[in-house]
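First comes the structure, then the notes that go with it.
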Amino acid sequence: MEKKFKVWVYREGETPLVHTGPMNNIYSIEGQFVDEMERGMSPFAASHPDEAHTFLLPVSIANVVQYLYHPLVTYSREQLHKVFLDYVSVVAHKHPYWNRSLGADHFYVSCHDWAPEVSGSNPELLKNMIRVLCNANTSEGFMPQRDVSIPEINIPVGQLGPPRLSNSSGLERPILAFFAGRVHGNIRKILLQHWKDKDDEVQVHEYLATKEDYFNLMAKARFCLCPSGYEVASPRVVASINLGCVPVIISDHYALPFSDVLDWSKFTIHVPSEKIPEIKKILKSVPLRRYKMLQRRVLQVQRHFVINRPSQPFDMLRMILHSVWLRRLNMRVHV
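13 is the number of the first residue of the sequence shown in the working numbering; add one for each residue after it.
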């Protein structure tokens with residue numbers, strides 16, 4: 013991939029709905045990826061569409077929602093569908109690339125909750141398109157063989173990701189498990205009902221005291237609880253990994269990011285939502301030797317969950333490209 017893979021970013025369209033996206037907060041991977049590919053510094057950016065293996069549709073789902081649904085008076089996806097379909101129609105009529113593969117070598121990238129739904133605007137036309145999504149819910153139509161699951165990362169203004177405060181393990185981390193966050197979806201509701209402010213070892217809080225620092229507490233925990241919200245992905249997974257805390261994935265139907273090459277069972281614990289009441293028992297039963305192995309592997313995979321600009325080998329942006337590349341390898345295009 014490093015030597016061959018080329019991506020053409022369609023030039024059609026104007027900002028802010030295309031060719032840009034959020035660079036900060038939880039939808040930021042969308043803007044960071046498009047910006048990386050369009051700045052002209054990426055070795056994967058094709059100089060001409062004829063040399064491209066895949067084609068990026070640079071529509072920003074987050075910006076469409078921000079600009080066309082403000083103020084929010086409807087949850088209808090009609091406007092979102094129209095913008096996306098109009099863009100596909102323009103490039104399909106102007107260029108031969110969509111039609112020759114029926115969209116199978118085309119992709120878009122988004123972390124917005126509504127992003128998976130654009131393919132529902134015309135299921136037949138868009139059925140082959142690669143969807144690169146944070147909201148990778150297999151019960152809602154995400155297909156790991158075709159689609160790409162990417163991490164949700166919360167990028168503060170002026171930074172490229174969460175802090176990396178500590179890589180310590182074992183006895184240097186006095187908290188068994190930690191979570192802080194408001195009710196946001198059914199899984200978090202169950203977690204808070206069972207564990208909120210009830211246990212010194214499994215520290216679950218809806219709100220933190222003013223003097224307490226969220227990331228410092230994560231850095232003091234052996235395990236960081238990463239429950240799904242209304243959607244399956246959580247930025248806590250990336251934050252946990254960057255802080256050297258073993259993620260505990262509390263989710264159902266979540267196709268985990270980069271699973272083509274990463275075995276998540278080697279560096280995380282998975283707890284189905286129905287076993288939330290047993291979290292303490294499950295985590296206390298993890299032998300110290302296994303915990304140390306899990307934590308050591310967390311440190312090993314950290315490089316896959318950081319953003320560099322420009323992108324560097326094995327970082328998050330490069331992993332996204334690799335995932336798209338793998339799906340392109342499975343498909344033959346008749347030129």
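We put the CB at the ideal spot given by N, CA and C, even for glycine.
Here the structure is a predicted model, which is why all the values come from computation and not from measurement.
- With a cutoff of 7 angstroms on beta-carbon distance, Asn320 and Pro247 are scored as not near each other.
- If the five residues before and after Pro156 are omitted, its C-beta is found closer than 6 angstroms to the C-beta atoms of Ala267, all from its own chain and listed in chain order.
- For Leu311, the closest alpha carbon among the candidates Leu172, Ile291, Ser178 and Leu203 is that of Ser178.
- For the set Ile41, Arg339 and Val195, the Cα lying nearest the Cα of Ala127 is the one of Ile41.
- Rounded to the nearest angstrom, the Cβ distance from Ile262 to Pro289 is 12 angstroms, too far for a contact under 8 angstroms.
- Contact annotation: Cys146 and Ala251 have beta-carbon atoms that are not nearer than 7 angstroms.
- In the three-state scheme derived from DSSP, where H, G and I count as helix and E and B as strand, Val144 is classed as strand.
- Note: Asn149 is bridge-paired with Tyr266 in the DSSP secondary-structure output.
- A residue is called buried once 16 or more other Cβ atoms fall within 10 Å of its Cβ, and Gly182, having fewer, is exposed.
- Of the residues assessed, Leu29 falls on the buried side of the cut-off, its CB having 16 or more other CB atoms within 10 angstroms.
- Secondary structure note for Trp207: its alpha helix (DSSP H) is the uninterrupted segment Asn198 to Trp207.
- Closest in C-alpha terms to Thr27, from the list Ile38, Val214, Tyr99 and Leu333, comes Tyr99.
- Between Val46 and Gly25 a beta carbon distance of about 11 angstroms is seen, past the 8 angstroms cut, so the two are scored as non-contacting.
- Contact annotation: the region 275–282 touches the region 301–317, with at least three C-beta pairs closer than 8 angstroms.
- Minimum Cα-Cα distance from Glu184 among the listed residues Met230, Val71, Pro168 and Thr222 corresponds to Met230.
- Of the residues Val249, Met141 and Leu255, the one whose Cα lies closest to the Cα of Phe227 is Leu255.
- If the five residues before and after Arg309 are omitted, its C-beta is found closer than 8 angstroms to the C-beta atoms of Lys278 and Phe279, all from its own chain and listed in chain order.
- Counting C-beta pairs with one atom in each stretch, the region 108–119 and the region 199–215 have fewer than three that are closer than 8 angstroms, which means they do not touch.
- If you draw a straight line from the Cα of His124 to the Cα of Arg158, it is about 19 angstroms long.
- For Ser252, the enclosing alpha helix (DSSP H) stretches over residues Arg248 to Asn254.
- Under the three-state reduction of DSSP output, Arg234 falls in the strand class.
- The way I'd put it, the region 185–193 does touch the region 205–224; three or more beta-carbon pairs between them come closer than 8 angstroms.
- Nearest in C-alpha terms to Ala104, of all of Leu137, Cys236, Pro299 and Ser151, is Leu137.
- The C-alpha of His60 lies about 12 angstroms from the C-alpha of Thr66.
- Counting only residues of its own chain and dropping the five nearest sequence neighbours on each side, Leu172 has a CB closer than 6 angstroms to the CB of Ile319.
- Take the alpha-carbon of Ala233 and the one of Ser297: they are about 16 angstroms apart.
- Rounded to the nearest whole angstrom, the CA to CA distance from His31 to Ala57 is 14 angstroms.
- Proximity to Thr150 across His265, Arg339 and Tyr303 peaks at His265, based on C-alpha coordinates.
- Residue environment analysis places Ala221 among the exposed positions, since fewer than 16 neighbouring C-beta atoms fall within 10 angstroms of its C-beta.
- Taking 7 angstroms as the cut-off, the beta carbon of Tyr22 is found no closer than this to the beta carbon of Ala74.
- Ile187 has Ala233 as its beta-bridge partners, per DSSP.
- The shortest CA-to-CA distance from Arg51 to any of Pro322, Lys201 and Gln307 is the one to Pro322.
- With a contact defined as Cβ atoms closer than 8 angstroms, Phe270 and Met343 miss out at about 20 angstroms.
- Judged by DSSP secondary structure, Ser40 falls within the alpha helix (DSSP H) whose first and last residues are Ser40 to Glu50.
- Only exposed fits Arg302, as fewer than 16 other CB atoms lie within 10 angstroms of its CB.
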